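Enquirer: Take this structure first; my questions come after.
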Amino acid sequence: MLDRFAAFLDRHARILLTTHENPDGDGVGAAIALAAHLKAAGQQARIVVTPALPENLRFLDPEGWIEAFEPEGAHRELAAWPDAWLLIDASEPHRMGPLFAAFEGTRADRACLDHHLKDAPKGFDAEFTDPTASASTELVYDFLRPRIGGDLPPLMAQALYAGLVSDTGNFRHSNSTPKVHHAAADLIAQGVHPARTFNALYQTATPAKLRIFGLALGGIQLRDRGRFVYVSVTRADLAACGATHEDLDDLVEEPRKLKGVEVAALFSETADGHAKVSLRSRERVDVNAVCRQFGGGGHRLASGAKAAQPLAALIAEVEAAVLAQIGRDMV
Ligand SMILES: [Mn+2]
Numbered sequence: 602m603l604d605r606f607a608a609f610l611d612r613h614a615r616i617l618l619t620t621h622e623n624p625d626g627d628g629v630g631a632a633i634a635l636a637a638h639l640k641a642a643g644q645q646a647r648i649v650v651t652p653a654l655p656e657n658l659r660f661l662d663p664e665g666w667i668e669a670f671e672p673e674g675a676h677r678e679l680a681a682w683p684d685a686w687l688l689i690d691a692s693e694p695h696r697m698g699p700l701f702a703a704f705e706g707t708r709a710d711r712a713c714l715d716h717h718l719k720d721a722p723k724g725f726d727a728e729f730t731d732p733t734a735s736a737s738t739e740l741v742y743d744f745l746r747p748r749i750g751g752d753l754p755p756l757m758a759q760a761l762y763a764g765l766v767s768d769t770g771n772f773r774h775s776n777s778t779p780k781v782h783h784a785a786a787d788l789i790a791q792g793v794h795p796a797r798t799f800n801a802l803y804q805t806a807t808p809a810k811l812r813i814f815g816l817a818l819g820g821i822q823l824r825d826r827g828r829f830v831y832v833s834v835t836r837a838d839l840a841a842c843g844a845t846h847e848d849l850d851d852l853v854e855e856p857r858k859l860k861g862v863e864v865a866a867l868f869s870e871t872a873d874g875h876a877k878v879s880l881r882s883r884e885r886v887d888v889n890a891v892c893r894q895f896g897g898g899g900h901r902l903a904s905g906a907k908a909a910q911p912l913a914a915l916i917a918e919v920e921a922a923v924l925a926q927i928g929r930d931m932v
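Remember, the numbering used here sits 601 above the position in the sequence shown when you count from 1.
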């Protein structure tokens with residue numbers, strides 16, 4: 602697969618790298634490392650994200666390569682620029698959000714590089730996917746490591762390590778394989794600082810964030826003798842705490858800490874009044890199967906969905922689906 606990927610990159614001169622809407626450390630880390638490699642090889646590479654590079658990932662982009670998508674401004678002609686468009690860390694074009702229209706309009710060869718468990722990719726000329734990989738950055742590491750003699754450039758090593766940390770929850774999730782630890786060890790041996798990376802990625806809370814966590818956790822709900830637990834956040838809650846939706850990023854990890862929990866959920870109201878759910882499974886319950894019933898998806902143990910319905914309605918429906926899934930998977 603990675604040889605095919607190499608051939609794909611070699612065939613193109615102007616490569617546009619994008620990732621899913623609301624980019625995470627894995628998508629951004631993979632894009633930066635690939636861009637560094639392509640630029641060193643004399644190819645042109647650009648990275649465009651939407652809506653913007655999150656504050657806590659800025660340290661991965663010291664050269665300022667990452668462009669925030671401006672459909673009415675700098676990127677009006679974006680579709681015409683690349684001869685290859687690579688979507689990283691997603692394999693469903695709509696996950697690009699506002700970038701999708703440009704993606705649809707481009708004459709470039711369209712490809713995806715991803716590790717998510719989803720339906721077969723649709724809408725690409727080439728696909729490079731491996732659901733056994735822990736992260737997109739693991740795929741990029743596997744691609745780059747044998748192709749670069751000696752140590753990786755520090756920018757590349759840092760970006761890849763941050764991506765591995767992001768997608769494994771700092772090597773705590775079930776995808777923390779021996780292979781991903783070996784890759785991380787290799788990157789640390791090359792000079793990446795684990796503690797500095799952790800601090801930059803995670804120790805970035807604001808008072809507003811801690812306030813919304815407190816409010817949400819105060820309303821924690823337990824069902825099925827504590828096997829299913831959830832918290833919910835409305836727009837009014839966010840406003841009361843001076844918090845934004847971004848502040849909710851890892852809130853779902855909190856209820857999951859309860860002893861005896863099999864599935865934890867965070868329900869939240871989006872800015873447009875829709876409802877969102879993030880589900881996390883301890884180990885046995887397939888929450889991807891639940892989220893797919895609501896038009897979402899992700900991984901077996903970490904999935905999400907968005908629905909155009911009121912928060913209370915989504916909570917009731919997801920609760921029923923989770924309890925049914927617990928019944929199926931915990932026999
Ligand atoms: Mn990923």
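Even glycine gets a Cβ: it sits at the ideal position worked out from N, Cα and C.
On a predicted model such as this, the values are computed, not experimentally measured, just so you know.
Based on the DSSP secondary-structure assignment, which residues constitute the bridge partners of LYS877?
Expert: According to DSSP, LYS877 bridges with SER869, LYS907.
Enquirer: Write down every uninterrupted run of the alpha helix (DSSP H) in the stretch 724-763 whose length is 4 residues or greater and which is fully enclosed by it, in chain order.
Expert: The stretch 724-763 contains these whole alpha helix (DSSP H) runs: 737-745.
Enquirer: Could you pull out every residue in the same chain whose Cβ sits closer than 8 Å to the Cβ of THR769, ignoring the five residues on either side in sequence?
Expert: Excluding sequence neighbours, THR769 sits near SER735, ALA736, ASN776, SER777, VAL781.
Enquirer: Tell me whether ALA685 sits in a helix, a strand or coil according to DSSP, three-state version.
Expert: In this structure, ALA685 counts as strand in the three-state DSSP scheme.
Enquirer: Distance, Cα to Cα, ASP938 vs PHE814?
Expert: Outside the shown range of the chain, which is 602 to 932, sits residue 938, and nothing can be said about it.
Enquirer: Return the chain-ordered list of same chain residues with a C-beta closer than 7 Å to the C-beta of PRO795, the five sequence neighbours on each side being excluded.
Expert: The answer, listed in chain order, is ILE789.
Enquirer: Would you mind reading off the limits of the beta strand (DSSP E) that contains ILE648?
Expert: Per DSSP, ILE648 belongs to the beta strand (DSSP E) from 645-650.
Enquirer: Evaluate ASP611 with the Cβ neighbour count: other Cβ atoms within 10 Å of its Cβ, from every protein chain shown; 16 or more gives buried, anything less gives exposed.
Expert: With fewer than 16 Cβ atoms within 10 Å of its Cβ, ASP611 is classed as exposed.
Enquirer: Which one or two residues does DSSP pair with ARG939 in a beta bridge?
Expert: No statement about residue 939 is possible, as the shown extent of the chain runs from 602 to 932 and does not include it.
Enquirer: Please list the terminal residues of the continuous alpha helix (DSSP H) segment that includes ARG797.
Expert: Unbroken alpha helix (DSSP H) run through ARG797: 795-803.
Enquirer: Measuring CB atoms only, is the stretch 720-728 touching the stretch 746-760, in the sense that at least three cross pairs come out at less than 8 Å?
Expert: No, the stretch 720-728 does not touch the stretch 746-760.
Enquirer: With DSSP as the reference, identify every bridge partner of THR845, one or two as the case may be.
Expert: Paired residues: none, contrary to the question.
Enquirer: Alpha carbon to alpha carbon, what distance is there between PRO683 and ASP864?
Expert: According to the sequence as given, residue 864 is Val; it is not Asp. Cα to Cα, the separation comes out at about 42 Å.
Enquirer: Determine the DSSP secondary structure at PHE895, reduced to helix, strand or coil.
Expert: It is coil, neither helix nor strand.
Enquirer: Taking buried to mean at least 16 other C-beta atoms within 10 Å of its own C-beta, is ASP804 buried or exposed?
Expert: This sequence places Gln at residue 804; Asp is not what is there. Exposed, because fewer than 16 other Cβ atoms sit within 10 Å of the Cβ of GLN804.
Enquirer: Which partner residues of PHE829 appear in the DSSP bridge assignment?
Expert: The partner list for PHE829 (beta bridge, DSSP) reads ARG824, VAL864.
Enquirer: Applying the 10 Å Cβ sphere with the 16-neighbour rule, what's the burial state of ARG605?
Expert: Counting Cβ neighbours within 10 Å, ARG605 comes out exposed, since fewer than 16 surround it.
Enquirer: ARG647 and GLU668 - do their beta-carbons sit closer together than 8 Å?
Expert: Cβ distance < 8 Å, so GLU668 and ARG647 count as in contact.
Enquirer: Would you kindly work out how many angstroms separate the C-alpha atoms of LEU658 and VAL629, rounded to a whole number?
Expert: Looking at the two C-alpha atoms, the distance is approximately 8 Å.
Enquirer: Within the continuous beta strand (DSSP E) that includes ARG857, where are the two ends?
Expert: It is not in any beta strand (DSSP E) - ARG857 carries neither H nor E in the DSSP assignment.
Enquirer: Between SER879 and the rest of its own chain, which residues show a CB-CB distance below 6 Å, the 5 nearest in sequence each way excluded?
Expert: Hits under 6 Å: VAL853, LEU867, GLY905.
Enquirer: Does the distance between the C-beta of HIS716 and the nearest non-hydrogen atom of ligand 1 fall short of 7 Å?
Expert: HIS716: yes, Cβ under 7 Å from ligand 1.
Enquirer: Determine the contact status of PHE895 and VAL919, defining contact as a CB-CB distance below 8 Å.
Expert: Yes, Cβ-Cβ distance for PHE895 and VAL919 is below 8 Å.
Enquirer: Rounded to whole angstroms, what's the CA-CA distance from PRO732 to LEU740? Just pull it up for me.
Expert: Their backbone Cα atoms lie some 10 Å apart in a straight line.
Enquirer: Any heavy atom of ligand 1 within a distance shorter than 7 Å of the CB on ALA736?
Expert: Result yes, Cβ under 7 Å from ligand 1.
Enquirer: Does at least one heavy atom of ligand 1 sit under 7 Å from the Cβ of GLY843?
Expert: False, no ligand heavy atom lies under 7 Å from that Cβ.
Enquirer: Mind checking which residues open and close the beta strand (DSSP E) that includes ARG929?
Expert: First-last for ARG929: 912-930, but that is the alpha helix (DSSP H), not the beta strand (DSSP E).
Enquirer: Closest to GLY861 by CA distance: which of GLU870, VAL834, ARG826, LEU849 is it?
Expert: Taking only the C-alpha atoms, the option nearest GLY861 is ARG826.
Enquirer: Can you give me the C-alpha to C-alpha distance between MET931 and ARG885, rounded to a whole angstrom?
Expert: Looking at the two C-alpha atoms, the distance is approximately 7 Å.
Enquirer: Using 7 Å as the cut-off, classify the Cβ of GLY899 as near or not near the heavy atoms of ligand 1, replying yes or no.
Expert: No.
Enquirer: So, is HIS621 buried or exposed, given that buried needs 16 or more other C-beta atoms within 10 angstroms?
Expert: Answer is buried; the Cβ neighbour count reaches 16.
Enquirer: What span of residues does the beta strand (DSSP E) with LEU714 cover, start to end?
Expert: Where LEU714 is concerned, the enclosing beta strand (DSSP E) stretches over 710-715.
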